[in-house]
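In our numbering, the protein residues as written are -13 to 448.
Contents: one structure, followed by commentary.
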Amino acid sequence: MNPSRSRLATMAARCWPRTLRGRLSLVALTTATLVMVILTVAFNAIVRQHLLQQADDELRTRAVAVAATVDTRHDPVRVLETGDDAVLDTNVWIYAGTRVLEHPASVPSGGTVARAAARLAAHAGQGCDTLESEAPIRLCAEPAGHTREGAVPVAVVTAMDLSPYRSSAGTLLIASLALDGTVLVCTYVLTRLAVGRALRPVRAMTDQATQWSAVASGERFGGTGRPVELARLGASLDALLDRIRAVLRHEQQLTRELSHELRTPLARITAELDWWRARPRTTADTRATHSVICDAAESMRTICETLLDEARATTHTAPGTTDIMGVLRRLPDLLRTPGEVPVTVTGPETLVVGVPAALLERMVVPLADNALRYARSCVGIRAAQEPEGVRVEVVDDGPGVPSTFTGQLFQPGRRADPADGHGGAGLGLPLARRLARSAGGEVSHDPGHTPGARFVVDLPAG
């Protein structure tokens, strides 16, 4: 690239305004300049033509008046004397053919002006021409009367100094340029003021949107009482704020779910360490403790990977298949209170579900953990083949779900009775349903089951 062009491009980029207000003002100024230039050129061209036409009309009027004093009926042609000869004869030539009958005393007969008058009279005795000399001279010729047949034509040529007319045209040009400059300055200033006033609500909306997005506020702009453009901008900003708030809610929900799911393996690790440190243990006891801690840590890793993979998923169907009974039989060892309430697992050995094992485990564990909290004597986990896929049921013989609470059962953070003495944050059931739906399944509650509670997980077959 040419270095000079590069420098010019750099200078142009630096001079180009960076604000929308400055750019719009510059565009308005450029547009107004082009319009004013066109109007000024057209106006002054018309004025100059009009002044020239006025000069020609005055010259022709004088020529006609002088022609009236020429007697062409006799030979030779005579110029009649009148009372205002001094006025009529000023800058006037009378030609009979190429012979000068009369010429102004102030103009030399062989001068430039006289020769121009002779040329003009020779062209059929009619027309106008401008002689550019020290001072611009306008000459016009008119035929004088009706000459006899065969007689030489008679023409009257009049002249006028165009300096006053051109001075008037120059004065109008300067005045129009001054007016143009005033109009352009006013246009630029008014445009900046108008654009600045028009953009003031946009700046206010931008500041509000920045503030609201930082604190996840529920305030919104709306479109009532705003111009159409600002209403559309407000709708776009509202949608953006809604998406930001949804992302924040999703992150908060994911954090709560991770915390909820990690509490069980952390409790197992803490219990094993407390038990191991309570008194000296044998090598076998230490190995058993290490094994339990390793299993709990592996469970934590699986929980984190499963929930994070589900949060990053871009499709609604999770790929993979799993032997369902193998996963369900591991659940009693993963539950919060193993051994206190018996957990029975039943189902055909050949069942295959169309979700990964880790995802299936995270769906069923919250349901089984919830059942263990409220069961009196037993918890049952049953798997069965259905025409639409695979169904897993988690049943307990506890007090069941109050009928007034069934509509809020799967809402995050909601519990039927927070003071019932059982732990929990109300996140397990919503997490199980969300994970099931991400795999193309569903988690539901059977309100007609008594006694106790019955939760059903429907999943696609493998």
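Think of the CB as a built atom: it goes at the ideal place given N, C-alpha and C, for glycine as much as any other residue.
In angstroms with no decimal places, state the Cα-to-Cα distance between L170 and L10. 14 angstroms
Across which residues does DSSP place Y81 in a beta bridge pair? V86, A141
Per DSSP, cross-strand counterpart(s) of L117: I123
At least three beta-carbon pairs within less than 8 angstroms, the stretch 413 to 424 to the stretch 308 to 322: no
Who are the Cβ neighbours of Q194 in its own chain at under 8 angstroms, not counting the five residues just before and after it? E205, F207
On the DSSP bridge list, what partners appear for S430? V442
If I follow the unbroken alpha helix (DSSP H) through G8, where does it start and stop? 6 to 53
Spatial distance of A155 from I32 (CA atoms): 10 angstroms
Within 8 angstroms, do at least three Cβ pairs link the stretch 159 to 177 to the stretch 106 to 124? no
Length-filtered (3 minimum) beta strand (DSSP E) runs lying within the stretch 156 to 186: none
Between Y151 and L37, what straight-line distance do the alpha-carbon atoms span, to the nearest angstrom? 6 angstroms
Does DSSP classify A107 as helix, strand or coil? helix
Nearest CA to the CA of T26: which residue from P446, R218, A161? A161
Selection from V278, D319, Q371 that minimises the alpha carbon distance to E258: V278
If you draw a straight line from the alpha carbon of P139 to that of M22, how long is it in whole angstroms? 50 angstroms
Within 10 Å of its beta-carbon, does C280 have 16 or more other beta-carbons around it, so buried, or fewer, so exposed? exposed
Roughly how many angstroms lie between the CA atoms of L66 and S149, to the nearest whole one? 32 angstroms
Nonlocal neighbours in the same chain, by C-beta distance under 7 angstroms from A343, ignoring five residues either side: T308, V313
Which residue's Cα is closest to the Cα of P62: V50, D42, G83? G83
Which of the three DSSP states, helix, strand or coil, is assigned to R362? coil
W198: buried (16+ other C-beta within 10 angstroms of its C-beta) or exposed? buried
Do you know how far the Cα of T16 is from the Cα of L45? 43 angstroms
For S222 and L417, I'd like the C-alpha separation in whole angstroms. 31 angstroms
Considering only residues of the same chain and omitting the five flanking positions on each side of A283, which have a CB-CB separation below 8 angstroms? P251, I255
Roughly how many whole angstroms lie between the Cα atoms of R178 and Q35? 38 angstroms
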